[in-house]
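Since the structure comes first, as structure tokens, the remarks are kept for the end.
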Amino acid sequence: MKKFLFLLIILIMLQPIQSFALSCAGPEPVEEAFERYDGVIVGTVDKIFTKNKGMQVVLVKVSKSFKGVKQNWIFVEEDTSWGDRSREGEEYLYFLRDKRGDWENSLCSQTRHMNKAKDDLNYLNQLETIQLEQVDKPDDPFLDWPKVGGVSALTLIFVGLIFKIYKHYK
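For reference, each letter of the sequence shown is one residue, going -21 to -1, 1 to 149 in mature numbering (1 follows the signal peptide of the UniProt record, and there is no 0).
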């Protein structure tokens, strides 16, 4: 009985605390992927920004949009916890999700490097493409100008108050 209890305790202690699994079923036919995703584009990675551990935001220069994406520059959020996703300077066929107005390249997405997308492109190139709106290349996705302006204004007010108090007591 003591051996059994000892063995049971050892087995319980050896169990992993938490485990994760990716439940992607594998690549699906491009026709199904096209229907399932909100945005389907061909684009080149211009720059990659680290958002936090396991997340990055990719600035993509869109050359062709088959679905959803209407501008020539977009930011795409990616989860990198299962390895690198996009690489700067490389061209990809992206299958994207629209998450409250932001584009996401999900872990199970059909996204692939252009040198592996020939079969998918044979189908997609038969479809009508979206005329892209030409916009200026965006800045850092984390730079929020209204917030920067607000913080700057508050800083100036604070410095002005300190100066006024200092002058008053001098």
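Ideal Cβ positions, reconstructed from N, Cα and C, are used throughout, including at glycine.
| Check | Outcome |
| --- | --- |
| Looking at the secondary structure, which residues open and close the beta strand (DSSP E) in which N31 lies? | 18 to 31 |
| Candidates W52, G68, Q35: which alpha carbon is nearest Q43's? | Checking the sequence shown, residue 43 turns out to be Lys, not Gln. Checking every option, the nearest Cα to that of K43 belongs to W52. |
| Between which residues of its own chain and R91 is the CB-CB distance below 8 angstroms, once the five residues before and five after are set aside? | Y71, L72, D99 |
| By alpha-carbon positions, which one of I144, P117, G47 ends up nearest to E107? | G47 |
| Using three-state DSSP, classify L106 as helix, strand or coil. | coil |
| Count the other CB atoms within 10 Å of the CB of V114; is the residue buried (16 or more) or exposed (fewer)? | exposed |
| Go ahead and label N104 buried or exposed: buried means 16 or more other beta carbons lie within 10 angstroms of its beta carbon, across all protein chains shown. | exposed |
| Tell me the rounded alpha-carbon separation between F74 and L135. | 45 angstroms |
| Please report the straight-line C-alpha distance between K116 and K32, rounded to a whole angstrom. | 26 angstroms |
| Helix or strand or just coil, what does DSSP make of E69? | coil |
| Use the C-beta contact count for L38: other C-beta atoms within 10 angstroms, 16 or more gives buried, fewer gives exposed. | buried |
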